[in-house]
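Chains as they are written, first to last, in the numbering used here: chain A, 74 to 417; chain B, 16 to 339.
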């Protein structure tokens with residue numbers, strides 16, 4: 074328990090490895106039968122009402138992590154507990170087992186046009202989950218729930234929207250419906266994978282607000298996956314920074330964003346363009362691009378690009394260290410106060 | 016001195032019985048060695064504007080107005096005349112270099128091909144030498160010459176495209192969402208390189224993006240477009256601090272800030288109007304918090320409201336410090 078809140082999600086050393094038969098490296102070398110370590114030992118816990126933002130560059134494993142959490146991919150190792158129950162114990166063979174699990178976890182995707190059936194009306198899109206999970210005793214009652222959901226999402230008058238098809242809606246409107254479709258079941262836990270990155274800037278804010286409101290009101294918890302740093306700061310309570318399948322820094326959103334410790338987080342945040350013309354940040358230049366998560370270790374994965382690298386970094390992986398207030402980082406050489414002056 | 020001057024450019028796409036006004040009397044001025052960012056959401060006509068300047072619009076597009084580049088009107092220029100200035104005077108970098116480069120030819124061969132467009136008799140050794148020089152400028156190792164596009168990462172490909180566009184030292188470079196597909200760190204690297212190259216190569220730069228932050232960090236001037244019309248132009252820092260057009264203000268408010276309070280973000284209610292329907296008034300009026308009756312019936316023209324600032328609005332924001 075934390076402030077009377079319940080621990081909903083607990084991830085214990087989650088691992089997902091893929092085996093690739095043939096792999097061509099950027100320098101042209103070919104390797105056979107390689108292990109791609111997409112998620113390589115991730116642990117965290119999430120309490121009800123909390124939003125965890127996961128940031129990182131493409132290929133860092135953030136989307137794979139999201140898919141693991143909702144059991145779209147089987148774990149290679151470790152465990153994920155939802156309300157204290159391992160997701161490995163979910164009986165996927167029986168329909169009842171699958172339904173019970175799906176009611177507690179939901180996923181919101183990036184592109185709403187691809188995540189809803191184009192030939193179903195909004196009414197059908199929203200009613201189907203209710204019917205499947207036996208919410209509402211009659212058709213009328215279910216329709217009432219849908220109308221309420223649409224109105225909460227700011228789609229008024231709701232009756233007008235019920236009979237529309239996805240192609241008759243804008244991206245923002247459809248994304249609201251996709252969010253409500255997930256939230257209508259009162260799930261304990263939601264994963265939102267880049268839910269706003271394909272929407273126009275002027276409507277993003279409202280979608281973010283809807284996600285935040287719904288998570289708080291329903292006392293659910295959410296993992297918000299994004300590559301946009303300012304957006305993640307806006308919506309998240311906690312932030313995890315991922316690099317090549319591992320969390321390198323974790324803590325309260327403002328702690329991580331304003332006082333980043335890990336050299337990778339510092340580089341990432343200092344490079345994020347800001348719209349404030351007065352803000353003069355000195356971007357930390359790191360060389361190269363993230364390598365693929367193949368043949369990493371035994372040292373720190375970030376060491377080849379790191380500006381604080383020492384010999385030790387190439388030999389062992391730095392363990393997570395706490396620098397106060399639940400702010401964790403994994404680096405041998407970073408000093409918790411160094412990143413401070415970066416942000417006014 | 017004006018390098019590029021666009022005056023009342025109108026681009027209309029006609030399809031089966033429907034005519035879409037993608038650019039509606041757009042005017043823009045780019046001076047020599049200037050950096051101008053064009054910001055807008057999808058459907059604002061920013062890419063159409065770029066394509067019109069580059070002469071790459073599809074045949075179905077009807078173009079009116081004037082695009083004066085170094086004293087020559089580009090609108091209505093023949094393909095042959097265009098071929099003389101493309102790459103040499105005017106070049107472009109697009110969002111996905113993966114799809115703008117040929118997947119079956121090595122990078123060196125592609126650079127040589129483009130070099131021979133304007134230097135037809137160049138020998139292989141000369142091409143290679145030029146290619147190496149240009150790759151060095153964008154911090155790429157020589158081995159890239161013998162690689163295929165699929166062997167390069169997104170950031171390296173974007174560098175190749177930037178190298179290509181600088182091959183003939185053009186006076187204007189158009190970057191259409193050139194950094195959008197890149198990761199944060201790579202985007203930062205490329206933006207800094209672009210700025211540095213602009214200094215050394217002395218080119219003017221027109222950057223088209225939906226990301227206000229990219230413009231804020233890398234452009235001197237900004238032009239805000241919405242639904243095919245120019246809403247506001249001015250000095251970047253000034254516009255961001257004191258937006259005078261309600262749309263610009265709304266757009267800036269929609270960006271979450273990185274520092275300070277996590278104040279509630281506000282989006283702009285409503286959505287883009289139908290570009291096929293005639294709009295006698297201001298295009299932003301249906302979503303504008305300040306709209307009055309005149310806004311729906313009369314079109315506000317883009318006029319100077321203070322030195323260096325042009326706004327198309329009847330009731331501009333006063334631009335006070337607390338306003339932004």
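Note that the Cβ used here is the ideal one computed from N, Cα and C, for glycine as well.
Original post:
How close, in whole Å, do the beta carbons of residue 112/A and residue 137/A come, if the pair is a contact with beta carbons under 8 Å?
Top reply: 5 Å
**OP:** Spell out whether any CB of chain B is found under 8 Å from the CB atom of residue 273/A.
**Re:** Closer than 8 Å: yes.
Original post:
What runs of the beta strand (DSSP E), each 3 residues or longer, lie entirely inside the region 85-138 of chain A?
Top reply: 103-120 and 124-128
Original post:
Is the CB of residue 281/A under 8 Å away from at least one CB in chain B?
Top reply: yes
Original post:
Measuring CA to CA, which of 157/A, 268/A, 130/A and 334/A is closest to residue 365/A?
Top reply: 130/A
Original post:
If you draw a straight line from the alpha carbon of residue 327/B to that of residue 48/B, how long is it in whole angstroms?
Top reply: 26 Å
**OP:** With DSSP as the reference, label residue 220/A as helix, strand or coil.
**Re:** helix
Subject >> Identity of the residues DSSP links to residue 150/A by a beta bridge >> reply: 88/A
**OP:** Go ahead and label residue 168/A buried or exposed: buried means 16 or more other beta carbons lie within 10 angstroms of its beta carbon, across all protein chains shown.
**Re:** exposed
**OP:** Within its chain, find whatever has a CB closer than 6 Å to the CB of residue 297/B; leave out the 5 residues flanking it on each side and keep chain order.
**Re:** 310 and 315
Original post:
So who's on the other strand from residue 263/A, going by DSSP bridges?
Top reply: 179/A and 295/A
Original post:
Which residues, in chain order, does the region 332-344 of chain A contribute to contact with chain B at a C-beta distance below 7 Å?
Top reply: 340, 341 and 344
**OP:** State the beta-bridge partners of residue 85/B as determined by DSSP.
**Re:** Residue 85/B is not bridged to any residue.
Original post:
So the alpha helix (DSSP H) residue 311/B belongs to, where does it begin and stop?
Top reply: 308-312
**OP:** Pull up the CB-CB distance for residue 187/B and residue 18/B, whole angstroms please, since I reckon it's below 8 Å.
**Re:** Residue 187/B to residue 18/B, Cβ: 6 Å. Contact.
Subject >> C-alpha gap between residue 176/A and residue 258/A, whole angstroms >> reply: 6 Å
Original post:
Taking 8 Å as the CB-CB cut-off, is residue 137/A touching chain B?
Top reply: At a cut-off of 8 Å, the C-beta of residue 137/A has no neighbouring C-beta in chain B.
Subject >> Backbone CA spacing between residue 141/B and residue 270/A [nearest angstrom] >> reply: 44 Å
**OP:** For the alpha helix (DSSP H) holding residue 304/A, just list the boundary residues, first then last.
**Re:** 302-308
**OP:** Taking residue 302/A as the query, report the chain B residues whose CB atoms sit under 8 Å from its CB, ordered along the chain.
**Re:** 199 and 273
Subject >> C-alpha gap between residue 101/B and residue 69/B, whole angstroms >> reply: If you take the alpha carbons of residue 101/B and residue 69/B, they lie about 8 Å apart.
Original post:
If you draw a straight line from the C-alpha of residue 402/A to the C-alpha of residue 117/A, how long is it?
Top reply: A straight-line Cα-Cα distance of about 13 Å links residue 402/A and residue 117/A.
Subject >> Stretch pair the region 187-200 of chain B + the region 240-247 of chain B: three plus CB contacts closer than 8 Å >> reply: no
Original post:
Helix, strand or coil: how does DSSP classify residue 414/A here?
Top reply: At residue 414/A, the pLDDT of 46 sits below 50, so the modelled position is not reliable and the matter cannot be decided from this model.
Original post:
Is it the case that the Cβ atoms of residue 185/B and residue 81/B are separated by a distance below 8 Å?
Top reply: no
Subject >> DSSP-derived helix/strand/coil call for residue 333/B >> reply: coil
**OP:** State yes or no: is the beta carbon of residue 245/B nearer than 8 Å to at least one beta carbon in chain A?
**Re:** no
Original post:
How about residue 313/A and residue 178/A: are their beta carbons less than 8 Å apart?
Top reply: no
**OP:** Flag this pair as yes or no: are the beta carbons of residue 90/B and residue 78/B separated by less than 8 Å?
**Re:** Taking 8 Å as the Cβ cut-off, residue 90/B and residue 78/B qualify as a contacting pair.
**OP:** Answer yes or no: do residue 295/A and residue 124/A have a C-beta to C-beta separation smaller than 8 Å?
**Re:** yes
Original post:
Using a C-beta cutoff of 8 Å, does residue 299/B count as contacting chain A?
Top reply: no
Original post:
Excluding sequence positions up to five away, which residues of its chain have a Cβ less than 7 Å from the Cβ of residue 319/B?
Top reply: 325
Subject >> Simplified DSSP state of residue 33/B, which is helix, strand or coil >> reply: strand
Subject >> Residues, ordered as in the chain, of the region 212-227 of chain B that lie near chain A by beta-carbon distance below 8 Å >> reply: 225, 226 and 227
Original post:
Roughly how many angstroms separate the alpha carbons of residue 63/B and residue 39/B, rounded to a whole number?
Top reply: 11 Å
Subject >> Proximity of residue 308/A and residue 291/A at Cβ, strictly below 8 Å >> reply: no
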